[in-house]
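Chains as they are written, first to last, in our numbering: chain E, 3 to 331; chain F, 161 to 484; chain B, 33 to 342.
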């Protein structure tokens, strides 16, 4: 591994669910990279496959789902080829994850210290009690929990939602991971707490060089936080690029639609823009572009074949035959 | 915690009062107390003496007060057959009943929880389906018939285990117990398994349901995301969550087990209070029946009380609610 | 959000809709999905038929003393009777009574007691539950306290004590079973009635100024049916088992009404001498009856449970 190796490089990842009703291609040919200290925003509606992408990188896809193809290069080595027993040693130590609902992620009947110490000792049996305790206190302090010494002895229900999410983040930070995957971690929180957590996440990435994948459906969250952004639709990444480029000059019609439906970007008094139609079923995806039924620019060719990736500019990728080019909005 | 204890305790007392009233109404107001409490063989003189003794010529509320007072003092009447205080007779036999009841509860936990966990982890595997089918059988099998078949197979045909009685006992804190001698243990095995059968199925089903529910929870996924091993996630995280409801139910079922011991004790001639009850019903020894009823009511209330307290100790969420 | 949920929400969208089905049709096709449950239903139907037509199906009338011959006593299964007229397929008891006939007649009594007690409990408990749910307030609290109190005591204990006071008899056993069971029905009916009561169509019915009775019987009750069906099947099985247990203990039915439990008890004393069949076969009949009802009930619970989305 040299300094130029990205922390994570996902290539042509396919995670499919084999259900009775058919094969659900939850993640279909997804590629992206995240470098050291970089924040990647993974944006899409629910059902677009962004969460499954996150779980795939963790190796935590539940049956009947599994990774059928592609590679997950983490610091240069392919996780997808690892047996689960070795993947386990990377989970929680090199790659950590934060979940959406802080009320559900902590075990209600175990004390905070139990849940933190076990995360340390799962990866290093040699850490003694005092050392583990010291690291827990340090980690809780890092995420801004007051009097961490006392709070360690508490049970999850004694914390508010925001505090619980901080505890979850503290657990993620315990082993100083190279990559953190955050799956809508602020969606269930108050706006003010959301802002604090976003600020701290960004600071963390900048200061420690930890790479961050921030999964969200909320473009406004990504706008202030991410360096780069991937927009997912029906299991595929339809547009990728630097955050300011994608938000200022969206090229894919779906990205345009998403940006158009953010309230603050609309003039007051006019009706909010809405993308017509709804997310398609992933079981029987039509041939061709999955978005074409909802797309204003769709032509006959869109139905023929799924659009291939094109690279209109350096660091910019897009899956569309008729993208918006050149016209800034 | 103290507030919780006091509140819970006063509830128990209220239930006890209500139940005593019900028993009183059952015995004194609906039934004919003279017929219930006076032996059929008693002559005129004897009858008159008992009526005066029990104050049956006084108004009902006064009788109830007297009944309460006597019960409180531990005087629950005298057995016609043994001519001894009913309370004493029942208390003498209580350890035997408690012994098979506890043995059955322990068996059902030791067998039921692992099987339920297996069935919950891989609900569609053939062995899980087998476990679940057998558990339906478990609560469909009439306990008494299974007991008979067990006697036939293990005592009559194979001759491995004794069919009746308690075997050798030794005193543990002044109470005779069977499980500390080899002979006693062989006597204990069949009745305990027989009594446990129903509860094993219950524990399997509870554990499996809890397992399936909990395995889908985010906290399990988060635990895996921390890099914990399967063993740690299942045996620490999930098991501890399942134990709370299972222990509660099993605890509450202890009373049920004691009641069902009536059947098992009759089949295996186990000298417990259940067998005494059946024998007394045959012999029309009513004071014992009434005393048995009162004692089990008290036992039930005590068990429910203990389980509630245990529950609050096990589940931190309940513990806190009572504090605030 | 967990991945399976993602899939579920996505997969539901624009699936081609199945052809419209009546709730009953769907219920039937759901039920047919489990071969085990269908087989159990068939077995149970056969036991019911046997019970109903026992006098015509039995090789002999086991309680007509004229037909019994003590010389045939305790013969093993498959033996011919001494006059060579009939074969005792399942052997005979100590009186020379054909066990197969005894079982047919016993099934009749056991099932009658089970179904009758379940039906009466359903009427009483259902009425109490509906009343409780509909009235709410103090009545509700009061009734439910009684239910809770009663359910905290095991059924067998209550039945034992009642029979100890009442004495033996088929009517008394039914009374005892009803007393121990009504509370289950009351709680179930109240629970589902409360859920239904809060729904909008009941409010709509109120707005239309429909009568209380009409609302209860035409609107509330039908919607309480699914959980009620499940609990009735399970409770019938339990009632059959409880009656057998009480009769086995000798405090349930009298000798003149020989249910399966009594047959088993009758064979108990001979079992230790090796005459296993006298207790064994009635027990198997009891077991088949209870298991088939429970398997049907178990499957019904699965398909009628709204929480398990199907």
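In this text, a Cβ means the ideal position worked out from N, Cα and C, and glycines have one as well.
Treat the numbers as computed from the prediction; the structure is a model and nothing was measured.
What residues from the stretch 259-286 of chain F come within 8 Å of chain B, judged by C-beta to C-beta, listed N to C?
Identification of residues in the stretch 259-286 of chain F having a C-beta nearer than 8 Å to some C-beta of chain B yields an empty set.
Could you spell out where the beta strand (DSSP E) holding residue 307 of chain E opens and where it closes?
That residue, residue 307 of chain E, is in no beta strand (DSSP E); it is neither H nor E in DSSP.
Is it right to say residue 321 of chain B is buried, meaning 16 or more other beta carbons lie within 10 angstroms of its own, or is it exposed?
buried
Is the stretch 239-255 of chain E touching the stretch 213-228 of chain E, taking contact as three or more C-beta pairs under 8 Å?
yes
With DSSP run on the structure shown, which of helix, strand or coil describes residue 14 of chain E?
strand
Can you have a look at residue 78 of chain B and say buried or exposed, based on whether 16 or more other CB atoms are within 10 angstroms of its CB?
exposed
Residue 427 of chain F and residue 246 of chain F: beta carbons closer than 8 Å?
no
Excluding sequence positions up to five away, which residues of its chain have a Cβ less than 7 Å from the Cβ of residue 467 of chain F?
408, 411, 412
Going by alpha carbons, who is nearest to residue 115 of chain E out of E:98, E:105, E:95, E:137?
E:137
Within 8 Å, strictly: CB atoms of residue 281 of chain B and residue 68 of chain B:
no
Per DSSP, what kind of secondary structure is residue 351 of chain F in: helix, strand or coil?
Reduced to three states, the DSSP call for residue 351 of chain F is helix.
Going by alpha carbons, who is nearest to residue 31 of chain E out of E:168, E:51, E:37, E:45?
E:51
Starting from the C-beta of residue 35 of chain E, find all residues in its chain whose C-beta is less than 6 Å away, skip the five residues before and the five after it, and write them out in chain order.
Closer than 6 Å at the Cβ level, and outside the excluded window around residue 35 of chain E, lie 8, 11.
Please list, in chain order, the residues of the stretch 381-399 of chain F that have any C-beta partner in chain E closer than 8 Å.
381, 382, 383, 384, 385, 386, 387, 388, 389, 392, 396, 397
Decide if residue 280 of chain E is buried, meaning its Cβ has at least 16 other Cβ atoms within 10 Å, or exposed.
exposed
My output table needs one value for residue 184 of chain E: the three-state DSSP class, helix, strand or coil.
strand
For residue 261 of chain F, which residues in the same chain have their Cβ closer than 8 Å to its Cβ, ignoring the five residues on either side in sequence?
355, 414, 417, 418, 421
Measuring only the C-alpha atoms, how far is residue 275 of chain B from residue 241 of chain B?
46 Å
Collapsed DSSP secondary structure at residue 19 of chain E in the structure displayed:
strand
The beta strand (DSSP E) enclosing residue 320 of chain F, as first and last residue numbers:
No beta strand (DSSP E) holds residue 320 of chain F; DSSP gives it neither H nor E.
Is there contact here, the stretch 310-325 of chain F with the stretch 362-375 of chain F, by at least three beta-carbon pairs under 8 Å?
no
Could you tell me the alpha carbon to alpha carbon distance between residue 217 of chain B and residue 195 of chain B, rounded to whole angstroms?
22 Å
Measure from the C-beta of residue 378 of chain F to each C-beta in chain E and report whether the shortest distance is under 8 Å.
yes
So the beta strand (DSSP E) residue 34 of chain E belongs to, where does it begin and stop?
24-36
Distance check for residue 131 of chain B and residue 36 of chain B, CA to CA, integer angstroms please.
In this prediction, residue 36 of chain B has a pLDDT of 40, which is less than 50 and means its spatial position is unreliable; what the coordinates show is noted afterwards. Rounded to the nearest angstrom, the two C-alpha atoms are 56 Å apart.
Since residue 243 of chain E sits in a beta bridge, which residues does DSSP pair it with?
E:231
Please confirm whether residue 466 of chain F has its beta-carbon closer than 8 Å to some beta-carbon of chain B.
no
Residues of chain B with a CB under 8 Å from the CB of residue 423 of chain F: which are they?
Residues of chain B passing the Cβ test: 188, 277, 280, 281.
Among the candidates B:57, B:72, B:60, B:64, whose CA atom is the shortest distance from the CA of residue 324 of chain B?
B:72
Taking the alpha-carbon positions, what's the residue 277 of chain B to residue 331 of chain F distance?
33 Å
Rounded separation between residue 429 of chain F and residue 469 of chain F - CA only:
Distance between residue 429 of chain F and residue 469 of chain F, taken at the CA atoms: about 35 Å.
Taking just the CA atoms, how far does residue 272 of chain B sit from residue 213 of chain B?
Answer to the nearest angstrom: the Cα atoms are 12 Å apart.
Does the Cβ of residue 42 of chain B have 16 or more other Cβ atoms within 10 Å, making it buried, or fewer, making it exposed?
Confidence is the limiting factor: at residue 42 of chain B the pLDDT is only 39, short of 50, which leaves the residue's position unreliable and the question unanswerable from this model.
Among all the DSSP beta bridges, which residues are the ones paired with residue 41 of chain E?
E:214
Are the C-beta of residue 441 of chain F and some C-beta of chain B separated by less than 8 Å?
yes
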